[in-house]
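Just below is one structure, and these are the notes that go with it.
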Amino acid sequence: MKYNHNIYLQQVGLKKLGYAVGALDGLDGPNTRKSNAASLKARYGSTAKTKALDGYTPPPKPTAAARTCVFGKHGVKGGSSPSMSYFTPPWAMTFSWGGKVSRIGCNKVVALPMENAMKEILSTYGVAWVKKHGLDVYAGCYNPRKGRGGNAWSDHAWAAAFDFADGRKGNKLHDKWSASKEGRNGYAMPSKAVTIFRKHGFQVGFKTGTATRRDMMHVAYIDRS
Ligand SMILES: [Zn+2]
Numbered sequence: 001m002k003y004n005h006n007i008y009l010q011q012v013g014l015k016k017l018g019y020a021v022g023a024l025d026g027l028d029g030p031n032t033r034k035s036n037a038a039s040l041k042a043r044y045g046s047t048a049k050t051k052a053l054d055g056y057t058p059p060p061k062p063t064a065a066a067r068t069c070v071f072g073k074h075g076v077k078g079g080s081s082p083s084m085s086y087f088t089p090p091w092a093m094t095f096s097w098g099g100k101v102s103r104i105g106c107n108k109v110v111a112l113p114m115e116n117a118m119k120e121i122l123s124t125y126g127v128a129w130v131k132k133h134g135l136d137v138y139a140g141c142y143n144p145r146k147g148r149g150g151n152a153w154s155d156h157a158w159a160a161a162f163d164f165a166d167g168r169k170g171n172k173l174h175d176k177w178s179a180s181k182e183g184r185n186g187y188a189m190p191s192k193a194v195t196i197f198r199k200h201g202f203q204v205g206f207k208t209g210t211a212t213r214r215d216m217m218h219v220a221y222i223d224r225s
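Quick note on my numbering: the sequence shown kicks off at 1 and runs consecutively.
What follows is the structure, encoded as structure tokens:
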């Protein structure tokens, strides 16, 4: 068996989720396969959608090297974009600037976990709840730009982050999350949705603790723990 960095990353992710994988050796061995199947079953209800270890790449740390390893090269304005996948949103969505969202495009590594997270939110809480919290308004994913106020590339440049709602819906970028703001349309991601997004590998906002979390409608496939 040959060392495979994707398998190494999967082992790291599985171990973090509490599964036994043996040594973190990057080898597609029986322990890793067994734990991967168990984790897919726990998260998605079945392993049918995936073969062997292909179904789940754990989210990378927010460094350029780790993100490039998992997502490929980030896009640049007027240049190449990351390798994309598309899925139909599980509930009716409109762009924050108007118009129907007929499909959601994102980095191919991120499509399955996002589709599954959204499906779970819908089946758990229903469409009225989704609308009440502004999750039916979409402000895009791929954007080849640097992060706000910094020189580092944004998760959006890898098409690995999704914005639900935007400023017009009251999502103020630098407002801190608080329980009292939760549930105001488009203002702060409800913690019930945060729980489901996190289960599927997403981080909501820019900090791990709810007290310091900002930009609460930004959902990225990133490990900020
Ligand atoms: Zn964002």
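Glycine is no exception: its CB is placed at the ideal position from the N, C-alpha and C atoms. All values derive from a computational prediction rather than experimental measurement.
Check                                                                                                                                                           : Outcome
If distances are taken between C-alpha atoms only, which option among F95, Y221 and V110 comes closest to F87?                                                  : V110
Roughly how many whole angstroms lie between the Cα atoms of P30 and G147?                                                                                      : 40 angstroms
Give the list of continuous beta strand (DSSP E) stretches no shorter than 3 residues that lie fully inside the region 62-146.                                  : 84-87 and 104-107
Anyone know if the C-beta pair for P58 and G13 falls short of 7 angstroms?                                                                                      : yes
Closer than 6 angstroms: is that where the CB of H218 sits relative to any heavy atom of ligand 1?                                                              : yes
How long is the line joining the alpha carbons of N171 and L27, rounded to whole angstroms?                                                                     : With a pLDDT of 48 at N171, under the threshold of 50, the modelled position of that residue is not reliable, and no figure is offered here.
From L40 to S123, what does the alpha carbon distance come to, in whole angstroms?                                                                              : 18 angstroms
Specify the secondary structure class of N31 as computed by DSSP and reduced to three states.                                                                   : helix
Quick check: what's the CA-CA separation for E115 versus H200?                                                                                                  : 10 angstroms
Identify which residue in I121, D223, A193 and F164 has its Cα closest to the Cα of D215.                                                                       : F164
From the DSSP output, which residues share a beta bridge with A161?                                                                                             : A220
Count the other CB atoms, across all protein chains shown, that sit within 10 Å of the CB of G140; report buried if there are 16 or more and exposed otherwise. : buried
Tell whether a beta-carbon distance below 7 angstroms holds between I248 and A117.                                                                              : Because the chain is modelled from 1 through 225, residue 248 falls outside the range shown and cannot be assessed.
Based on DSSP bridge pairs, tell me the residues matched to Q10.                                                                                                : Bridge partners of Q10: none, in fact.
Select from Q10, D155 and A220 the residue whose C-alpha is nearest the C-alpha of T32.                                                                         : Q10
Is V76 near P144, with beta carbons less than 7 angstroms apart?                                                                                                : yes
Between which residues of its own chain and K49 is the CB-CB distance below 6 angstroms, once the five residues before and five after are set aside?            : Reliability of the predicted coordinates at K49 is poor, the pLDDT of 49 falling under 50, and no value is obtained from them.
Under the three-state reduction of DSSP, which class applies to V21: helix, strand or coil?                                                                     : coil
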